[in-house]
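Following: one structure in structure tokens, then a few remarks.
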Amino acid sequence: MSGTGLEILVPGPLTTAQDMGRFGMLGSGVCPSGALDQDAARLANALAGNMAYGGDAPAMLEMTLLGITAMFQVETIFAVTGAAMPLTLNGQPVNAYESIRASAGDVLACGFARTGCRAYLAVAGGFAVPRVMGSRSTHLRCGFGGFEGRKLRAGDVLPMPSVGSGVKAGVTIEPTLAWPRSGQPWVVRVADGPQLGMFGKAALDGFLRAEYTVSPQSDRMGVRLDGPAVTGEGGSDILSDGIPPGAVQITNSGQPIVLLADRQTIGGYAKPFVVIDADLPIMAQVRPGERLRLRRISTREARRVGMAAWTELAARTRRIEERHSGTIQIMGFRLRGG
Amino acid sequence: MKEAFRFLPAGERAVVVECGDAIDPAVNDKVVALAASLTAKPIPGVLESVVSYRSLLVMFDPMRVGGWGLRRRLARRLRSLGAVGPAETLSRTVDIPVCYGGAFGPDLPDVAAHTGLSIEEVAHRHSAVAYRVYMIGFMPGFPYLGGLDDALVTPRLPTPRALIPAGSVGIGGNQTGVYPLDSPGGWRLIGRSPLRLYDAGSDNPVLLSAGDGVRFVPVTAEEYARIERGEWRGPYAKGVSV
Numbered sequence: 001m002s003g004t005g006l007e008i009l010v011p012g013p014l015t016t017a018q019d020m021g022r023f024g025m026l027g028s029g030v031c032p033s034g035a036l037d038q039d040a041a042r043l044a045n046a047l048a049g050n051m052a053y054g055g056d057a058p059a060m061l062e063m064t065l066l067g068i069t070a071m072f073q074v075e076t077i078f079a080v081t082g083a084a085m086p087l088t089l090n091g092q093p094v095n096a097y098e099s100i101r102a103s104a105g106d107v108l109a110c111g112f113a114r115t116g117c118r119a120y121l122a123v124a125g126g127f128a129v130p131r132v133m134g135s136r137s138t139h140l141r142c143g144f145g146g147f148e149g150r151k152l153r154a155g156d157v158l159p160m161p162s163v164g165s166g167v168k169a170g171v172t173i174e175p176t177l178a179w180p181r182s183g184q185p186w187v188v189r190v191a192d193g194p195q196l197g198m199f200g201k202a203a204l205d206g207f208l209r210a211e212y213t214v215s216p217q218s219d220r221m222g223v224r225l226d227g228p229a230v231t232g233e234g235g236s237d238i239l240s241d242g243i244p245p246g247a248v249q250i251t252n253s254g255q256p257i258v259l260l261a262d263r264q265t266i267g268g269y270a271k272p273f274v275v276i277d278a279d280l281p282i283m284a285q286v287r288p289g290e291r292l293r294l295r296r297i298s299t300r301e302a303r304r305v306g307m308a309a310w311t312e313l314a315a316r317t318r319r320i321e322e323r324h325s326g327t328i329q330i331m332g333f334r335l336r337g338g
Numbered sequence: 339m340k341e342a343f344r345f346l347p348a349g350e351r352a353v354v355v356e357c358g359d360a361i362d363p364a365v366n367d368k369v370v371a372l373a374a375s376l377t378a379k380p381i382p383g384v385l386e387s388v389v390s391y392r393s394l395l396v397m398f399d400p401m402r403v404g405g406w407g408l409r410r411r412l413a414r415r416l417r418s419l420g421a422v423g424p425a426e427t428l429s430r431t432v433d434i435p436v437c438y439g440g441a442f443g444p445d446l447p448d449v450a451a452h453t454g455l456s457i458e459e460v461a462h463r464h465s466a467v468a469y470r471v472y473m474i475g476f477m478p479g480f481p482y483l484g485g486l487d488d489a490l491v492t493p494r495l496p497t498p499r500a501l502i503p504a505g506s507v508g509i510g511g512n513q514t515g516v517y518p519l520d521s522p523g524g525w526r527l528i529g530r531s532p533l534r535l536y537d538a539g540s541d542n543p544v545l546l547s548a549g550d551g552v553r554f555v556p557v558t559a560e561e562y563a564r565i566e567r568g569e570w571r572g573p574y575a576k577g578v579s580v
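The listed protein sequences derive, respectively, from chains A and B. Here the first sequence stands for residues 1 to 338, numbered as in our numbering. Here the second sequence stands for residues 339 to 580, numbered as in our numbering.
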């Protein structure tokens, strides 16, 4: 088998190389990009034996709704997490959330997601796309980073190393994100945002009671919500200010948009709420047409929930690491920054 | 005494420090000074910040610094910055060469017609002012400039163009600016600069920063071509004069 990478046979509608994001550039107008479902992405990297946190976590592929069909030109250990795409390796079904060995010439096919929107394919050692401004993530709008600054096409070959030692096949982990019960809407927790005060009590109560539908206009910039308009007392225009991840922005027509990793860094619409960090993976996984409602919690509660979610994720990545390294540590997992 | 700033919540991992209510150089000075102080002397747990007209968005890691503790430290910083200088404390001024009119500025005649000025007068007035970069955003390296001559105010195009080439200089309402990269846009184009405000591959990918001064310097089409070919850098080497 010639070549030293992953050859894309069928690219899917939107597949991009992403790591955990490009940081430190917000003040220059450069959005972070990076994997939208950071929990699923971290687990994919951990399962493939890679760093799961921080700037050293290598690039994966983020696939949207329909996955790729691709041939490994080198032997590897890979893992797929996130949206539930049916997976086959050389036509035989294989599992998500499990590290799997592939030989040179093996073909991985990722089908249409049964649930969720975005899935992550990580390979041992990561995809060797160049760093731009400190990150391997694709900045789609500006066309840099990732693989040639664009979504993948058939025939692309993503360079990757062959698998080293210390990475095992057959390591499994359970997903972190719980899907809502059938027929139930997603519930997304929000904390207060900077322009909460521009909306009256009635408008806020109505907003939080209402059920919204995820618009097909949603993308990596933001999830647009169709439903009752939210109206501020003096319109929704503000003197433009910085936009944190997960900001719930209300446009002049009253439509809420939850802003994600490819957002503009500065905007001129009011932001009454911010989706809490622990629920951003939901925003990455909602599909057009799915229903969603917001639940307001205090900043203090958001912080507590965030710490619990982080601890839970850290415990999982630690378990995966232990299985790869063959050592079992009982108790005493440690938190890792990044 | 009433504090000249207030904190606004922005989720559990960010806080907004608002230093005023208006687009005002003195207010923006304070925001820029706070951002600079966070770069020069970082507060542990603060990840990054975004300068805007009158506020600073401060992003932090809640595992490393508490929201209230951070507010206290930011307040102390702000007070220690003291009376940040008046509007003329621009950290530096960047000269941006612009070739006005012709194919580079297809809307210059419209701006002249709307304002009742001659084409030459529009270019002259546009390049006679020192602008202030209030913030960078919207796209990588895009400067929000303040200081446009009131006589040049011209509404945006009724229908935005699908593609505006990088370097284009435009007027949209009471704003003026330079497009750092090819993009759609509705501003009236009056000229173009050969200077790259944004270069993803460079060590310093974004030329301008909030707080910078900007001057537009008229150049001929021939000078434009020489700068673009790298044959002549004139005073625009890094575009910076102090």
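Beta carbons: idealized from backbone N, C-alpha and C, even for Gly.
Residue i to residue j span [Cα, whole Å]
i                      : j                      : result
residue 324 of chain A : residue 517 of chain B : 49 Å
residue 258 of chain A : residue 462 of chain B : 43 Å
residue 347 of chain B : residue 403 of chain B : 15 Å
residue 425 of chain B : residue 309 of chain A : Residue placement at residue 425 of chain B cannot be trusted, given a pLDDT of 43 that sits under 50; what the coordinates show is reported in the next sentence. Roughly 46 Å separates the two Cα atoms.
residue 304 of chain A : residue 255 of chain A : 29 Å
residue 460 of chain B : residue 433 of chain B : 18 Å
residue 410 of chain B : residue 471 of chain B : 29 Å
residue 338 of chain A : residue 59 of chain A  : Reliability of the predicted coordinates at residue 338 of chain A is poor, the pLDDT of 39 falling under 50, and no value is obtained from them.
residue 5 of chain A   : residue 157 of chain A : 6 Å
residue 213 of chain A : residue 138 of chain A : 28 Å
residue 467 of chain B : residue 556 of chain B : 12 Å
residue 519 of chain B : residue 485 of chain B : 23 Å
residue 299 of chain A : residue 394 of chain B : 19 Å
residue 355 of chain B : residue 225 of chain A : 29 Å
residue 554 of chain B : residue 535 of chain B : 13 Å
residue 283 of chain A : residue 438 of chain B : 45 Å
residue 192 of chain A : residue 232 of chain A : 15 Å
residue 366 of chain B : residue 390 of chain B : 8 Å
residue 377 of chain B : residue 547 of chain B : 13 Å
residue 487 of chain B : residue 142 of chain A : 31 Å
residue 105 of chain A : residue 161 of chain A : 15 Å
residue 87 of chain A  : residue 401 of chain B : 37 Å
residue 405 of chain B : residue 302 of chain A : 12 Å
residue 179 of chain A : residue 91 of chain A  : 28 Å
residue 458 of chain B : residue 236 of chain A : 39 Å
Check whether residue i and residue j have beta carbons under 7 Å apart
i                      : j                      : result
residue 280 of chain A : residue 246 of chain A : yes
residue 227 of chain A : residue 203 of chain A : no
residue 129 of chain A : residue 144 of chain A : no
residue 33 of chain A  : residue 21 of chain A  : yes
residue 469 of chain B : residue 552 of chain B : yes
residue 216 of chain A : residue 159 of chain A : no
residue 62 of chain A  : residue 35 of chain A  : yes
residue 82 of chain A  : residue 40 of chain A  : yes
residue 208 of chain A : residue 292 of chain A : no
residue 515 of chain B : residue 478 of chain B : no
residue 389 of chain A : residue 248 of chain A : Because chain A here runs from 1 to 338, residue 389 of chain A falls outside it and cannot be looked at.
residue 531 of chain B : residue 435 of chain B : yes
residue 107 of chain A : residue 85 of chain A  : no
Pick from the options that is closest to residue i, judged by C-alpha positions
i                      : options                    : result
residue 408 of chain B : B:353, B:543, B:479, B:546 : B:353
residue 320 of chain A : A:175, A:171, A:266, A:306 : A:171
residue 234 of chain A : A:252, A:34, A:173, A:217  : A:252
residue 513 of chain B : B:522, B:489, B:415, B:499 : B:489
residue 392 of chain B : B:495, B:368, B:509, B:435 : B:368
residue 442 of chain B : B:508, B:494, B:385        : B:508
residue 176 of chain A : A:28, A:142, A:311, A:26   : A:311
residue 385 of chain B : B:397, B:527, B:569, B:515 : B:397
residue 493 of chain B : B:506, B:362, B:526, B:359 : B:526
residue 475 of chain B : A:277, A:263, A:75, A:301  : A:263
residue 124 of chain A : A:71, A:165, A:220, A:237  : A:165
residue 76 of chain A  : A:168, A:322, A:307, A:190 : A:168
residue 96 of chain A  : A:107, A:102, A:78, A:103  : A:78
residue 348 of chain A : B:343, B:414, B:537, B:349 : Within the shown structure, residues of chain A are numbered from 1 to 338, placing residue 348 of chain A beyond reach of any answer.
For residue i: DSSP bridge partner residues
i                      : result
residue 229 of chain A : Beta-bridge pairing links residue 229 of chain A to no other residue.
residue 513 of chain B : B:510
residue 570 of chain B : Its beta-bridge partners do not exist; DSSP assigns none.
residue 340 of chain A : The shown model of chain A, from 1 to 338, leaves out residue 340 of chain A, and the question about it has no answer.
residue 527 of chain B : B:508
**Prompt:** Does the count of Cβ pairs from the segment 65-79 of chain A and the segment 106-122 of chain A closer than 8 Å reach three?
**Reply:** Yes, the segment 65-79 of chain A touches the segment 106-122 of chain A.
**Prompt:** Does the pairing of the segment 13-33 of chain A with the segment 150-169 of chain A give three or more beta-carbon distances under 8 Å?
**Reply:** Contact between the segment 13-33 of chain A and the segment 150-169 of chain A is established, with three or more Cβ pairs separated by less than 8 Å.
**Request:** Give a yes or no on contact between the segment 182-200 of chain A and the segment 268-277 of chain A, applying the rule of three or more CB pairs nearer than 8 Å.
**Result:** Segments in contact, yes.
**Asked** Should the segment 162-180 of chain A be regarded as contacting the segment 40-58 of chain A, the criterion being three or more beta carbon pairs within less than 8 Å?
**Response** Judged by Cβ distances under 8 Å, the segment 162-180 of chain A makes contact with the segment 40-58 of chain A, as three or more pairs qualify.
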